[in-house]
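Q: Below you will find the structure I want to go over with you.
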Amino acid sequence: MPLARIVSNQSRAILIIVALLCAAGLYAAWQLPVAIFPQTDFPRIVIIVDNGEAPASQTLVSVTRPIEEAMNGVPGIARIISKTARGSSEISLYFDWNVNIIQTLQLVQARLSQLSTSLPPTAQIRNVERLTFAVFPVVGYSLTSDKRDPATLKDIATYIIRPQLARLPGVAIVGVAGGKTREFHVTIDPERLAAHNVSVTQVTDAIKASNIIVSPGLIEENHQLELALVSGQASKPDELNGIVVATVNNAPVTVADVATVTGGVEPEYTMVTADGHPAALVNVNRQPDANTVAVVDEVRKTLTAIRGQIPGDVRVAAYYDQSLLVRDSINSVRDSIIIGLLLSVVILYAFLRNWGTTFVAILVIPVTVLVTFLAMWLAHLSFDLMTLGGVAAAIGLVIDDAIVVVENIYTHMSRGQSRREAVQSAVSEITVPIIGSTITPVVVFLPLTILTGVTGVFFRSLALTMSVALLTSLVLALGFTPVLAEKFVRPKRRAKDAEPSPESDTEHELTLDELEEEAESGRVLRAIVTRYEWVLSHALDNRWIVVAIIAAVLVGSYLLYRGLGSEFLPEFDESAFVLDYWAPPGASLAETDRMLRDVEDKLMKTPEIESYSRRTGLEMGLFVTEPNRGDYAVKLKPGHKRETDEVISDLRKQIEEAEPALEIEFVGIVPDVIGDLQGNPEPIEIKLYSEDAAALQSKADEVEASIKKIQGVVDTKNGVVISGPALTSKSIRCAPRDLA
-16 MPLARIVSNQ SRAILIIVAL LCAAGLYAAW QLPVAIFPQT DFPRIVIIVD NGEAPASQTL
44 VSVTRPIEEA MNGVPGIARI ISKTARGSSE ISLYFDWNVN IIQTLQLVQA RLSQLSTSLP
104 PTAQIRNVER LTFAVFPVVG YSLTSDKRDP ATLKDIATYI IRPQLARLPG VAIVGVAGGK
164 TREFHVTIDP ERLAAHNVSV TQVTDAIKAS NIIVSPGLIE ENHQLELALV SGQASKPDEL
224 NGIVVATVNN APVTVADVAT VTGGVEPEYT MVTADGHPAA LVNVNRQPDA NTVAVVDEVR
284 KTLTAIRGQI PGDVRVAAYY DQSLLVRDSI NSVRDSIIIG LLLSVVILYA FLRNWGTTFV
344 AILVIPVTVL VTFLAMWLAH LSFDLMTLGG VAAAIGLVID DAIVVVENIY THMSRGQSRR
404 EAVQSAVSEI TVPIIGSTIT PVVVFLPLTI LTGVTGVFFR SLALTMSVAL LTSLVLALGF
464 TPVLAEKFVR PKRRAKDAEP SPESDTEHEL TLDELEEEAE SGRVLRAIVT RYEWVLSHAL
524 DNRWIVVAII AAVLVGSYLL YRGLGSEFLP EFDESAFVLD YWAPPGASLA ETDRMLRDVE
584 DKLMKTPEIE SYSRRTGLEM GLFVTEPNRG DYAVKLKPGH KRETDEVISD LRKQIEEAEP
644 ALEIEFVGIV PDVIGDLQGN PEPIEIKLYS EDAAALQSKA DEVEASIKKI QGVVDTKNGV
704 VISGPALTSK SIRCAPRDLA
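So the sequence shown is numbered by our numbering: it starts at -16 and just counts up by one.
Structure, rendered in structure tokens:
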């Protein structure tokens, strides 16, 4: 009774508190970041080191192994996995989930700085990154043209588009991939070089020494302090031609005397195309706490605003847009809330036949959602697939508490009690049962918050969101719903045509109340109650039959459970996919491109595909990639006729028939990102260990052959990575007399 009395006496305070919470919830909804996945720091740090053109075996000994040994003592380290290729090394550090990954990153960087002096001079640390969902771009655009060369496309992306996008709020990195980098080529003529008695080393040293800008100091004159600069930087071929290489017989020898300077592009072992044309790609990464939808919208507006600065023949097209999936998720939750409200109105009125009761019960849903948004903001959560799914799933549970409370209040009012008396009686009766019924599902969800790993990252957000929504609905049902019911619920009361006789007992009075309530409930509820009473009567008379039916249901449920598949995330059509490919080891960039041109032809002929981009020698993440491999990012048209799985199956069959030497793998965008962050890009991985490389490769082939026989397996890879061929020239040491 104390709680009921407090609720009844403090109705105005309760309304003010609820109104303030709703206002705060609206503010939190605008402040919450929007992303496709929950915010998290994966306990993984990736180190990428470039080592020139050194072979893989040499890079393994001089770069990879020293870094592995240095990182082995970092606190919290769980395992180290490395991948060594020609001239590059990728070391993945996996830590326990309870470590502070930001502090651990600082320890890793400190150890690398200590180790840098002992690494080969050619080794350069390119990246040291902790992996989060923000590592991957939220939107990507391709630049293509029928008139301009790749170097011009890269210049446009680097000097026009990139600066404009980098200054936008929420943008972390704007990366440019593909295209060509301009440079000057100095072609030395051996005959002229010999005629002037100059060596190649003198030419290269002279260019390096002259192509710099230095400051000899400061000059103070005219009451000003000026910085003195000496620049030898060349911006035109003529400036390079004028560099003095040496002085022979008191005559200067310039670069023009021994070489020819021409404009060119930097030799690259990567290739980028989009929609069948050479392209430059602009990838935009968001800050970890930024709103994905807002960032993409700002990028789109900026590109529209600067379209006049981009040549008209240059096509700018989005080949990847993460916000589409986020928008679909938000729209789905919005639709779920609206449909839930409408269905609740219909069902409640059909059963209770009272608009006041229906209004009170329905009003709890938006209030609960707003308070849940406030709790999500305070807990540093975001709008993502899991939290939005939790809100949508909780809608049905949220309204249950309100219905129970308001129906009980309605019943007491129908029996003749005043509104205040009915509220106090109903709340006193229902408090303990409704607390128990609400706490039960909360207790079921809360253990999910202590899970670790990727599973814990996802289900922690889901569990917290649903728990907050359920607890909020409980508080509102015991505090807010009675206040509204006292103001809006007006039941029909039976007419008291006569004073109750002393002989009338309580049981008879309750029977009359029940009959009257049943008469006022409407046809739907009366029909359901009648059939339920018939089923209940037969169930009580035939208990063993009920037990047998329950046992059969349990056995059938177990059999269905054994037959159902299991997935980390439910299957959904992303209208996009990633096509990974591997050309034969050692294949040249030209040969790989030849095979991929055939693949692109099939992509362009597929009517459901809107656009695509292709990287060769590159990947979308932070990985070391050989020139014989890469990936496609494929985007389907809105409202495509065939399902994404059907499109993938058709393409897989066509590519395998046309290019049997090309290994391919299709994967969705979401599973691909999660797999890359975990370091396990494949759904199932089998690891083999051996000191004998030949035996390891042989056994890997046997395992792959066995896996291919399993029904449902479509893409397999034996995991054996063969570095490309190399030509090794060994110098022969001999005495001068041997040469004679």
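All residues carry an ideal CB built from backbone N, CA and C; glycine is no exception.
Quick one: what does DSSP say Tyr142 is sitting in, helix, strand or coil?
A: Looking up residue 142 in the sequence shown gives position 159. Note: Tyr142 maps to helix in three-state DSSP.
Q: Does the beta-carbon distance from Thr608 to Leu579 come in below 8 Å?
A: Along the sequence shown, read from residue 1 onward, the residue named residue 608 stands at position 625. Along the sequence shown, read from residue 1 onward, the residue named residue 579 stands at position 596. No, these two residues do not count as a Cβ contact at 8 Å.
Q: Mark Gln305 as exposed unless 16 or more other C-beta atoms lie within 10 angstroms of its C-beta, in which case mark it buried.
A: Counting from 1 along the sequence shown, the entry for residue 305 is found at position 322. Buried: at least 16 other Cβ atoms inside 10 Å.
Q: Taking only three categories from DSSP, how would you classify Val82?
A: Translated into the one-based positions of the sequence shown, residue 82 becomes position 99. Of the three classes helix, strand and coil, the one that applies to Val82 here is coil, per DSSP.
Q: Buried or exposed for His363, going by 16 or more other Cβ atoms inside 10 Å?
A: The residue you call residue 363 lines up with position 380 of the sequence shown. Classification for His363: exposed.
Q: What separation, rounded to the nearest whole angstrom, lies between the Cα atoms of Ile28 and Ile50?
A: Numbered from its first residue, the sequence shown carries residue 28 at position 45. Numbered from its first residue, the sequence shown carries residue 50 at position 67. When rounded, the distance between both Cα atoms is 13 Å.
Q: Report the partner residues of Lys66 according to the DSSP bridge assignment.
A: The residue given as residue 66 occupies position 83 in the sequence shown. For Lys66, which the question treats as bridged, DSSP gives the partners Glu73.
Q: Which residues mark the beginning and the end of the beta strand (DSSP E) in which Lys618 is found?
A: Taking the first residue of the sequence shown as position 1, residue 618 is located at position 635. Looking at the DSSP string, the run of the beta strand (DSSP E) that includes Lys618 is 612 to 619.
Q: Using the three-state DSSP reduction, which class does Ala194 fall into: helix, strand or coil?
A: One-based indexing of the sequence shown puts residue 194 at position 211. First, the residue type needs correcting, since residue 194 is Asn and not Ala in the sequence shown. In this structure, Asn194 counts as coil in the three-state DSSP scheme.
Q: Report all residues from its chain with a CB closer than 6 Å to the CB of Leu371; omit the five preceding and five following residues, and keep chain order.
A: In the sequence shown, counting from the first residue as 1, residue 371 sits at position 388. Counting only Cβ-Cβ distances below 6 Å, and skipping sequence neighbours, we find Ser312, Val316.
Q: For Ser596, does the three-state DSSP call read helix, strand or coil?
A: Working through the sequence shown from its first residue, we reach residue 596 at position 613. Here Ser596 sits in strand by DSSP.
Q: So what does DSSP say about Glu668, is it helix, strand or coil?
A: The count along the sequence shown starts at 1 and reaches residue 668 at position 685. Correct three-state label for Glu668: coil.
Q: Are the CB atoms of Glu174 and Val248 nearer to each other than 8 Å?
A: Within the sequence shown, residue 174 is the residue found at index 191, counting from 1. Within the sequence shown, residue 248 is the residue found at index 265, counting from 1. No, the pair does not count as a contact, with Cβ atoms beyond the cut-off.
Q: Closest to Leu660 by CA distance: which of Phe78, Thr105, Val347, Ile693 is it?
A: Locating residue 660 in the sequence shown gives position 677, counting from the first residue. For the residues Phe78, Thr105, Val347, Ile693, the minimum Cα distance to Leu660 belongs to Phe78.
Q: Need the endpoints of the beta strand (DSSP E) that Ala300 sits in, please.
A: Numbered from its first residue, the sequence shown carries residue 300 at position 317. Looking at the DSSP string, the run of the beta strand (DSSP E) that includes Ala300 is 297 to 304.
Q: I'd like the list of long-range same chain contacts for Asn274, defined as Cβ closer than 6 Å, with 5 residues on each side in sequence excluded.
A: Within the sequence shown, residue 274 is the residue found at index 291, counting from 1. So the list reads Pro16, Val17, once near-sequence residues are dropped.
Q: Can you tell me whether Gln407 is buried or exposed, with buried defined as 16 or more other CB within 10 angstroms of its CB?
A: As a working mapping, residue 407 is identified with position 424 in the sequence shown. Burial call: buried.
Q: I'd like to know whether the C-beta atoms of Gln22 and Asp272 end up nearer to each other than 8 Å.
A: One-based indexing of the sequence shown puts residue 22 at position 39. One-based indexing of the sequence shown puts residue 272 at position 289. Yes.
Q: Spell out the partners DSSP gives Asn266 in its beta bridges.
A: As a first step, residue 266 must be located in the sequence shown, where it is residue number 283. Answer by DSSP bridge pairing, in chain order: Gly123, Gly158.
Q: Would you mind stating whether Gly200 and Ala192 have Cβ atoms separated by less than 8 Å?
A: The residue labelled residue 200 in the question sits at position 217 within the sequence shown. The residue labelled residue 192 in the question sits at position 209 within the sequence shown. No; because the gap between Cβ atoms is not below 8 Å, this pair is not in contact.
Q: Which residue wins for smallest C-alpha separation from Leu368, given the options Gly339, Ile348, Phe442?
A: The residue you call residue 368 lines up with position 385 of the sequence shown. The option with the nearest alpha carbon to Leu368 is Phe442.
Q: Using a threshold of 8 Å, state whether the C-beta atoms of Val228 and Ala189 are closer than that.
A: In the sequence shown, the residue the question calls residue 228 occupies position 245. In the sequence shown, the residue the question calls residue 189 occupies position 206. Contact flag set, yes.
Q: Three-state secondary structure (DSSP) at Asn525?
A: Locating residue 525 in the sequence shown gives position 542, counting from the first residue. Asn525 falls in the coil class under three-state DSSP.
Q: Distance check for Thr164 and Gly246, CA to CA, integer angstroms please.
A: Taking the sequence shown and counting its residues from 1, one reaches residue 246 at position 263. Taking the sequence shown and counting its residues from 1, one reaches residue 164 at position 181. In a straight line, the C-alpha of Gly246 is about 11 Å away from that of Thr164.
Q: Can you tell me where the alpha helix (DSSP H) holding Ala53 begins and where it ends?
A: One-based indexing of the sequence shown puts residue 53 at position 70. Here the alpha helix (DSSP H) through Ala53 covers 48 to 54.
Q: Output needed for Thr351: all residues of its chain with C-beta closer than 7 Å, excluding positions within five of it in sequence on either side, in chain order.
A: Here residue 351 corresponds to residue number 368 of the sequence shown, with the count starting at 1. Closer than 7 Å at the Cβ level, and outside the excluded window around Thr351, lie Val381, Ala452, Thr455, Ser456, Leu459.
Q: How many whole angstroms separate the CB atoms of Thr47 and Ile74, which I take to be in contact at a CB cut-off of 8 Å?
A: In the sequence shown, residue 47 corresponds to position 64, counting from 1. In the sequence shown, residue 74 corresponds to position 91, counting from 1. Contact flag correct, Cβ pair sits at about 7 Å.
Q: Is Asn180 buried or exposed, if buried means 16 or more other CB atoms sit within 10 Å of its CB?
A: As a first step, residue 180 is located in the sequence shown; it is residue number 197 there, counting from the start. Its Cβ having fewer than 16 others within 10 Å, Asn180 is exposed.
Q: Report yes or no: do the segment 114 to 127 and the segment 254 to 267 share at least 3 C-beta pairs separated by less than 8 Å?
A: As far as the Cβ criterion goes, the segment 114 to 127 touches the segment 254 to 267, which means the pair count is three or higher.
Q: Quick one: grab the DSSP three-state call for Leu201.
A: In the sequence shown, counting from the first residue as 1, residue 201 sits at position 218. Looking at Leu201 - three-state DSSP - the assignment turns out to be strand.
Q: Would you decide whether Asn525 is buried or exposed? Buried here means 16 or more other CB atoms lie within 10 Å of its CB.
A: Within the sequence shown, numbered from 1, the residue matching residue 525 stands at position 542. Its Cβ having fewer than 16 others within 10 Å, Asn525 is exposed.
Q: Buried or exposed: Trp360, going by 16 or more other Cβ atoms within 10 Å of its Cβ?
A: As a first step, residue 360 is located in the sequence shown; it is residue number 377 there, counting from the start. Counting Cβ neighbours within 10 Å, Trp360 comes out buried, since at least 16 surround it.
Q: Would you call the CB atoms of Ala683 and Asn701 closer than 8 Å?
A: One-based indexing of the sequence shown puts residue 683 at position 700. One-based indexing of the sequence shown puts residue 701 at position 718. For Ala683 and Asn701, yes; Cβs fall inside 8 Å.
Q: Under three-state DSSP, which class holds His168?
A: Taking the first residue of the sequence shown as position 1, residue 168 is located at position 185. Strand, per DSSP.
Q: Please give the ranges of any alpha helix (DSSP H) in the segment 633 to 697, keeping only runs that are unbroken, at least 4 residues long and fully inside the region.
A: As far as the segment 633 to 697 is concerned, its whole alpha helix (DSSP H) runs of at least 4 residues are 652 to 661, 676 to 691.
Q: Please name the residue, chosen from Val538, Ala375, Leu601, Thr341, that lies closest to Arg473 on a Cα-to-Cα basis.
A: Counting from one through the sequence shown, the residue named residue 473 turns up at place 490. Out of Val538, Ala375, Leu601, Thr341, Thr341 has the C-alpha closest to the C-alpha of Arg473.
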